[in-house]
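Single-structure report; data block below.
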Amino acid sequence: MARHIDILKSPDAAIKEACAVLAQGFPIGMPTETVYGLAADATNPVAITHIYETKGRPRFNPLICHMADLAMAEQHAEFDPISRRLAEAFWPGPLTIIVPLKPDSNIHSLATAGLDTVGIRVPKGFAGNLIQAFGRPLAAPSANTSGQISATSAAHVDEDLGEKIELILDAGASAVGVESTIVKVEDGKLRLLRPGGLAASEIERVAGQRLLRSGKASAAIEAPGMLASHYAPGAAVRLAATAVEPDEALILFGAAEIKGANRAKTVLNLSPRGDLAEAAANLFDYMKKADASGAETIAFSPIPNEGLGEAINDRLSRAAAPRE
Ligand code: TXA
Ligand code: MG
Numbered sequence: 479m480a481r482h483i484d485i486l487k488s489p490d491a492a493i494k495e496a497c498a499v500l501a502q503g504f505p506i507g508m509p510t511e512t513v514y515g516l517a518a519d520a521t522n523p524v525a526i527t528h529i530y531e532t533k534g535r536p537r538f539n540p541l542i543c544h545m546a547d548l549a550m551a552e553q554h555a556e557f558d559p560i561s562r563r564l565a566e567a568f569w570p571g572p573l574t575i576i577v578p579l580k581p582d583s584n585i586h587s588l589a590t591a592g593l594d595t596v597g598i599r600v601p602k603g604f605a606g607n608l609i610q611a612f613g614r615p616l617a618a619p620s621a622n623t624s625g626q627i628s629a630t631s632a633a634h635v636d637e638d639l640g641e642k643i644e645l646i647l648d649a650g651a652s653a654v655g656v657e658s659t660i661v662k663v664e665d666g667k668l669r670l671l672r673p674g675g676l677a678a679s680e681i682e683r684v685a686g687q688r689l690l691r692s693g694k695a696s697a698a699i700e701a702p703g704m705l706a707s708h709y710a711p712g713a714a715v716r717l718a719a720t721a722v723e724p725d726e727a728l729i730l731f732g733a734a735e736i737k738g739a740n741r742a743k744t745v746l747n748l749s750p751r752g753d754l755a756e757a758a759a760n761l762f763d764y765m766k767k768a769d770a771s772g773a774e775t776i777a778f779s780p781i782p783n784e785g786l787g788e789a790i791n792d793r794l795s796r797a798a799a800p801r802e
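The sequence shown runs 479 to 802 under this note's numbering.
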């Protein structure tokens, strides 16, 4: 079992203990506003190897490097004017920007999977303070076994990885609930690599241009692990349900009318008032609860594809994708 430290009750101890484990080259469960991360020193190859092994993650899939602020980010990467503008507008927050790595950056190539770019994010709140105290960037994928549902609470991290890691910092439920939005500037154009906790429309407003969406599921190295089956619960997933069978769990959004809902194995509503931010915050926890009901299939009522709905529908289509 991993040790837990409540960051609200003992913020100083949390930072001190976390820095000690990180300095020894081991990963910790770290709360961020999006999801819990499995964080380790991005400059230490042994520490990064621990991340890949703990998650069972393919090593060709690069990790996001978390920084304390834009100044720290600029020590490691080149920011073009659009990327800098986005960083200034949205950091700290749920936005990851892919930028060229500086040749003298000491971020280890295992973290970037050998690419000449790096995904950078400045997380809001406690994680930012921790990075400031540690003084080096932290590589952190979501704190879950590769391919499974991301962790949005310390309890989720513990259930999945508690036997494999030493320390989990507990900040309660993640406020945003889905991973960061990932963008990259290419030839002055902005591309959306992963919809996430910052709505695409917000980014478009600040950048003054539309986001290019690759549209195809095979963006190769740009987004490995963001394809095919991911976020997969044990149960099968069925989308846009208009009726539900008695052996299915049902996850609703808003005031949807679903035939057979009174007979379903369990019924959960992501947001009865139809608020997409609330739905995103509940998504992974409710998927885990529906899975735990023993249902063979989890049926979802339709979710609008605007705002954070784009990230929710992205995660759901991966959860529903054929498994290998
Ligand atoms: O909200 C989040 O982003 C969370 C929290 C912990 O910060 N982290 C997260 O990390 O979701 P992860 O590793 O599960 O997802 C990172 C994604 C991967 O799909 C990876 O392929 C992509 O970012 N990525 C990382 N570096 C990249 C790069 N240089 N070029 C293209 N994609 C990159
Ligand atoms: Mg993940």
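Cβ coordinates follow ideal geometry from the N, Cα and C atoms, glycine included.
| Asked | Found |
| --- | --- |
| Looking at C-alpha atoms only, which residue of I681, K642, E566 and A618 is the closest neighbour of V661? | I681 |
| Would you call A518 buried or exposed, if buried means 16 or more other Cβ atoms sit within 10 Å of its Cβ? | buried |
| Between the beta-carbon of D547 and the beta-carbon of V600, is there less than 9 Å? | yes |
| Check whether the segment 569-579 touches the segment 621-641, taking contact to mean three or more Cβ pairs, one atom from each stretch, closer than 8 Å. | no |
| For I627 and Y530, which I take to be in contact (beta-carbon distance under 8 Å), what is that distance rounded to the nearest angstrom? | No, I627 and Y530 are not in contact; Cβ-Cβ is about 19 Å, not under 8 Å. |
| Under the three-state reduction of DSSP, which class applies to G787: helix, strand or coil? | helix |
| Below 8 Å on the Cβ atoms is my contact criterion, and I expect P509 with F604 to pass it. Report the Cβ-Cβ distance as a whole number of Å. | 6 Å |
| I'd like the ranges of any beta strand (DSSP E) spanning at least 3 consecutive residues and lying wholly in the segment 545-613. | 573-578 and 595-599 |
| The beta strand (DSSP E) with I729 in it runs from where to where? | E726 to L730 |
| For A617, does the three-state DSSP call read helix, strand or coil? | strand |
| By the 10 Å Cβ neighbour count, where 16 or more other Cβ atoms means buried, how is P570 classified, buried or exposed? | buried |
| Counting pairs of beta carbons, one from the segment 716-725 and one from the segment 583-601, are three or more of them closer than 8 Å? | no |
| Check each candidate in F731, I781, E756 and V715 and name the one with the smallest Cα separation from A799. | V715 |
| Count the other C-beta atoms from every protein chain shown that fall within 10 angstroms of the C-beta of P540, then say buried if there are 16 or more, exposed otherwise. | buried |
| In chain order, what are the residue ranges of uninterrupted beta strand (DSSP E) at least 3 long that sit wholly in the segment 729-782? | 744-747 and 775-778 |
| Does the distance between the C-beta of E644 and the nearest non-hydrogen atom of ligand 2 fall short of 8 Å? | no |
| Take every Cβ of the segment 613-624, pair it with every Cβ of the segment 479-490, and state whether three or more of those distances are shorter than 8 Å. | no |
| So, is G675 buried or exposed, given that buried needs 16 or more other C-beta atoms within 10 angstroms? | buried |
| Do A773 and K743 have their CB atoms nearer than 9 Å? | yes |
| Leaving aside the five residues before and after A713 along the sequence, list all residues of the same chain whose C-beta is less than 8 Å from its C-beta, in chain order. | A727, A768, D769, A773, E774, T775 and I776 |
| Closer than 7 Å by C-beta to G534: which residues in its own chain qualify, once you throw out the five before and the five after it? Chain order, please. | T623 and S624 |
| Exposed or buried, which one is V513 when buried takes at least 16 other CB atoms within 10 Å? | buried |
| Out of Q610, A678, A739 and A632, which has the shortest C-alpha to C-alpha gap to H544? | Q610 |
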